[in-house]
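To start, the structure under review is shown below, and the notes come after it.
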Amino acid sequence: MARIDARGSRLQGAGAGFALTAAGLILLVAPARAQQPDSLSPSALKRLSLEQLMDVEVISVSRRPEKLSSTASAIQVITGEDIRRAGASSIPEALRLATNLQVAQVNASQWAVSARGFNNVLANKLLVLIDGRTIYTPLYSGVFWDVQDPPLESIDRIEVVSGPGGALWGANAVNGVINIITKSARETQGLYAEGGGGTELQGFGEVRYGARIPSGPAVRVYGMGFGRSSTALTTGGDAQDSWSLGEGGFRMDWDASAADGVTLQADYYDGRPDPDGGSSIIARGGNAIGRWARKLSEGAGLQVQAYFDRTWRDFRNGFTEGLSTYDVDAQHRFPLGRRQEVVWGLSARLMDHKTENLPLFAFEPAHRTLHRYSAFVQDEIELIPERLSLTLGSKFEHNDYTGFEVQPSVRLAWSPLDRHTVWAAVSRAVKTPSRLDRDFVLSLAPGIPIIDQSDLQSEEVLATELGWRAQLEAKLTASISTFYNDYDNIRTAEPGPPPFGIPITFGNGVRGHTYGAELAAVYQATGRWRLRGGYTFLKKDLSLKPGSNDANGATAESDDPEHQFLVQSMTDLPGRVQVDAVLRLVDELPDPRVPGYGELDVRLAWKPIERLELSVAGQNLLHDEHAEFIPSSPSPRRIERAVYGKVTWR
Amino acid sequence: MRDLLLHVVMWVAVSTTPSSSFAQGTATPEYQLKAVFLFNFAQFVDWPSSTFPAPDSPLAICILGQDPFGAYLDETVRGEAINGRPLAVRRYQRPEEATGCQILFISRKETDHLPEALDSLEGHSILTVSDADRFTSLGGMIRFVTEHNRIRLHINLGAAKAANLTISSKLLRPAQIVSKGGD
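What follows is the structure in structure tokens.
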């Protein structure tokens, strides 16, 4: 029994496809305040008319002057511009630009993405949201990245918070929160079209059109699709794991009155990922979301959001899996006295999950409806105006597997100098069990389970963080975040009774700690040259608790680099030419071992006329092929050098 | 991974070296926008020529109290001139010191002292601007109002006229006209 895949091999191979639920609190809460600086240059803004200036969206929704540098958490922001100029062609490729994430491509359609370690194809400690809609699946508490492809051109920014976000967002924000935020329909007016192709990203195209009724709603509709070719087998040869996807949708934004804003969005997609090679999965889904925000008075607001999300996956071997999520969420913020700002909210979510089981591969029961109810409250107290603030908050959540969970946090932000903030935080967060953790049965023969249902409890973390964030001058922002995370009850695969050691059940047999540091900086070297990048150090010390006989020896849940480094350069040359590059260096992964590597992406773009852009991007240029992650299943793959060309009309 | 570590050390050394303008900072996008609005106001408002000591005296954009713009406002007006007048940015802590300004932005932090500040500016041709609540109802001239994450302008035309300022229709058109006592 060399290496038990405690995760359901076919499922993992099948990797990816749901979108769902959540707490949509982003619009009004903390991380949304930390907008990327430098995005608005004086010369660019001065060219705008007064009317156009009034149409520029300012993200700082907290109605007080909020210093960028004062956010008391480890947040990094990737702007739409950063994504475009990196030549990124998918969400995970864009996420690489946040150096507080571990991102590794596994095969053509699968990715391992985590924060502060525990990275895996089935990484389960991140909360990921697109426009307030949670997209991790209750199937395994991870994200099917192969169906998460909102058009990159419509993305306003991605906020990546490493460290627990449980106090605001609730379960699964154990090691981090990713907020993918798309542009308002007001900002995507007129025609946008792109198309192109290359060696790996073989063909792609998107058409988007935005229109607006004067002083009424603004709308955009889009359709897009792509096809990607296969990665390489480690033994040589083609892995036949090509991936294609088509998607369409719309978004409407409407200022119904001076105080009311309404947003409606919907998307539908149909994808054919093929992680195993030679037998593509059918992955379809759609979602619709409505959000109403009302400004009650200066500093006070109410937001109500509801969404429906449907995902469905046919593994083409008799096993199918479908999920319908219904989520309602409301939150209210208001000032309390002169020095306090309170945000509180309630949410309810129903997840209707159904599988068509195979005789030897099953979720029992095949149909389960999961409910999640939660409340949160947060109070930000200004202890010394402009200098010292204390934020107390907690989420109270009820789930069907473990009952009530409390996830509190305390944050202190101290600004000894203007634009310098030292912050500290202590938070507790939990990862509640998924369907895979509790309900999965894998059998050798009918009635002889190898993996059986278990009574897995929540995994817990107590995180202590200390950070510094500063705007050293108009051109340079920098931050350092350090953390010490104390984990308990991490999932293990416990062998059954002798002589055969089956059935294996999941237990909470690992505890230990991780610590590390994340450095990040953005530097506008000149008006035409911008640099951003970061370095992350991560150390783990995990061990089995007494009584645990984890079949994987406490190692199966993660495979993380100790060091990683990235620098992105964006240069505007005369003659409307852009030369951009991203260099990333990733330390070796210990077990299974993947050698460390350095890779380089380069993008060249030229605008012969204002509305037309021609560009060519090279990805992973330093090696013919390289491995980034070795999963327990499917077979390991190598990622090949790629080049694609693109024509953009806007 | 020795190479990697070397890169990292170099990068950290380069990226965290403080520069000369250490004390200066940047504004949030909200205040970057507001800085550019202030620059626009300079173009769309006419001051009586008597307000300037000389034909080439600078047009002064001033900030009273806490400065949310950092270096951004300075960058915005650098090298710009309006009707032959260069633009200058000045910062004051007390309203009495600001009487030589053409545009005066009053920080929201000064909300408590607004009535006194506006009183002491009376009789001067100064375009008063703020994002404080009730600014225009207290007699201020232009208030930045954030609605749906966008910046709207409320203009108290009566107050501007009383200070002998002429506001161009280009500025009035996209703004909401309010009166003292209203908001």
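Taken in sequence, the protein lines are chains A and B. Just add 807 to wherever you are in the first sequence, counting from 1, and you've got the working numbering. Just add 41 to wherever you are in the second sequence, counting from 1, and you've got the working numbering. Glycine residues also receive a C-beta, built at the ideal position from the N, C-alpha and C atoms. All values derive from a computational prediction rather than experimental measurement.
Cβ-based neighbour list, residue i, same chain, cut-off 6 Å, excluding 5 preceding and 5 following
{"i": "E1148 (chain A)", "result": "P1142, E1187"}
{"i": "D1387 (chain A)", "result": "R892, M1377, R1410"}
{"i": "N1315 (chain A)", "result": "Q1264, N1296"}
{"i": "S1087 (chain A)", "result": "R1079, D1081"}
{"i": "W1221 (chain A)", "result": "L1195, V1229"}
{"i": "R1058 (chain A)", "result": "A992, R1027, Q1072"}
{"i": "I196 (chain B)", "result": "I183, A216, I218"}
{"i": "R1123 (chain A)", "result": "S1086"}
{"i": "M1031 (chain A)", "result": "P958, E1013, E1054"}
{"i": "H1227 (chain A)", "result": "A1277"}
Residue i - DSSP class collapsed to helix/strand/coil
{"i": "A204 (chain B)", "result": "coil"}
{"i": "H1370 (chain A)", "result": "strand"}
{"i": "G1254 (chain A)", "result": "coil"}
{"i": "T152 (chain B)", "result": "helix"}
{"i": "A895 (chain A)", "result": "coil"}
{"i": "K990 (chain A)", "result": "coil"}
{"i": "E1272 (chain A)", "result": "strand"}
{"i": "Q955 (chain A)", "result": "coil"}
{"i": "R1015 (chain A)", "result": "strand"}
{"i": "G1032 (chain A)", "result": "strand"}
{"i": "D1083 (chain A)", "result": "coil"}
{"i": "E163 (chain B)", "result": "coil"}
{"i": "L227 (chain B)", "result": "As displayed, chain B neither begins before 42 nor continues past 224, which places residue 227 (chain B) out of reach and without an answer."}
{"i": "W976 (chain A)", "result": "helix"}
{"i": "V118 (chain B)", "result": "helix"}
{"i": "V935 (chain A)", "result": "strand"}
{"i": "G1452 (chain A)", "result": "strand"}
{"i": "V77 (chain B)", "result": "helix"}
{"i": "T92 (chain B)", "result": "helix"}
Beta bridge counterpart(s) of residue i as assigned by DSSP
{"i": "A1065 (chain A)", "result": "DSSP lists no partner for A1065 (chain A)."}
{"i": "A1328 (chain A)", "result": "A:A1285, A:G1340"}
{"i": "C103 (chain B)", "result": "B:R131, B:L145"}
{"i": "D1121 (chain A)", "result": "A:I1089, A:T1127"}
{"i": "Q1461 (chain A)", "result": "Within the shown structure, residues of chain A are numbered from 808 to 1457, placing residue 1461 (chain A) beyond reach of any answer."}
{"i": "E1280 (chain A)", "result": "A:L1283"}
{"i": "T1162 (chain A)", "result": "A:E1128"}
{"i": "E900 (chain A)", "result": "The partner list for E900 (chain A) (beta bridge, DSSP) is empty, contrary to what the question assumes."}
{"i": "L1071 (chain A)", "result": "A:M1059, A:G1097"}
Cβ-Cβ separation, residue j to residue i (assumed contact under 8 Å), whole Å
{"i": "I890 (chain A)", "j": "I962 (chain A)", "result": "6 Å"}
{"i": "A1236 (chain A)", "j": "L1219 (chain A)", "result": "No, A1236 (chain A) and L1219 (chain A) are not in contact; Cβ-Cβ is about 18 Å, not under 8 Å."}
{"i": "K1484 (chain A)", "j": "H1178 (chain A)", "result": "With chain A represented from 808 up to 1457, any question about residue 1484 (chain A) goes unanswered, as that position is not in the structure."}
{"i": "L1380 (chain A)", "j": "D1408 (chain A)", "result": "So it is not a contact: roughly 18 Å between Cβ atoms."}
{"i": "P127 (chain B)", "j": "L162 (chain B)", "result": "Wrong, their Cβ atoms sit about 23 Å apart, outside the cutoff."}
{"i": "I1096 (chain A)", "j": "I965 (chain A)", "result": "The pair is not a contact, with the Cβ atoms about 18 Å apart (cut-off 8 Å)."}
Distance between residue j and residue i (C-alpha atoms, nearest Å)
{"i": "G1360 (chain A)", "j": "L1351 (chain A)", "result": "7 Å"}
{"i": "A122 (chain B)", "j": "A1073 (chain A)", "result": "48 Å"}
{"i": "A1090 (chain A)", "j": "Q1375 (chain A)", "result": "33 Å"}
{"i": "D1366 (chain A)", "j": "A1285 (chain A)", "result": "28 Å"}
{"i": "Y113 (chain B)", "j": "D87 (chain B)", "result": "24 Å"}
{"i": "L998 (chain A)", "j": "Q107 (chain B)", "result": "43 Å"}
{"i": "N907 (chain A)", "j": "T1132 (chain A)", "result": "29 Å"}
{"i": "P1215 (chain A)", "j": "N1292 (chain A)", "result": "15 Å"}
{"i": "E858 (chain A)", "j": "P215 (chain B)", "result": "6 Å"}
{"i": "A879 (chain A)", "j": "S1201 (chain A)", "result": "16 Å"}
{"i": "K932 (chain A)", "j": "T1299 (chain A)", "result": "15 Å"}
{"i": "T1198 (chain A)", "j": "F1183 (chain A)", "result": "13 Å"}
{"i": "P156 (chain B)", "j": "K853 (chain A)", "result": "32 Å"}
{"i": "H1370 (chain A)", "j": "Q73 (chain B)", "result": "36 Å"}
{"i": "V1014 (chain A)", "j": "T995 (chain A)", "result": "12 Å"}
{"i": "T140 (chain B)", "j": "Y943 (chain A)", "result": "59 Å"}
{"i": "S846 (chain A)", "j": "G1210 (chain A)", "result": "Residue placement at S846 (chain A) cannot be trusted, given a pLDDT of 45 that sits under 50; what the coordinates show is reported in the next sentence. Whole-angstrom Cα-Cα distance: 44 Å."}
{"i": "F185 (chain B)", "j": "C103 (chain B)", "result": "16 Å"}
{"i": "V1423 (chain A)", "j": "W1413 (chain A)", "result": "9 Å"}
Residues of its chain near residue i, where Cβ-Cβ distance is below 7 Å and the 5 sequence neighbours each way are ignored
{"i": "G1003 (chain A)", "result": "F1011, Y1451, G1452, K1453, V1454"}
{"i": "E1171 (chain A)", "result": "D1246, V1248, Q1260"}
Cβ-based neighbour list, residue i, same chain, cut-off 8 Å, excluding 5 preceding and 5 following
{"i": "L855 (chain A)", "result": "V863"}
{"i": "A1449 (chain A)", "result": "G1005, T1006, E1007, L1008, G1425, Q1426, N1427"}
{"i": "T69 (chain B)", "result": "P109"}
* **Positions along the stretch 137-166 of chain B whose CB lies within less than 9 Å of some CB in chain E** => This model lacks chain E altogether, as its protein chains are A and B.
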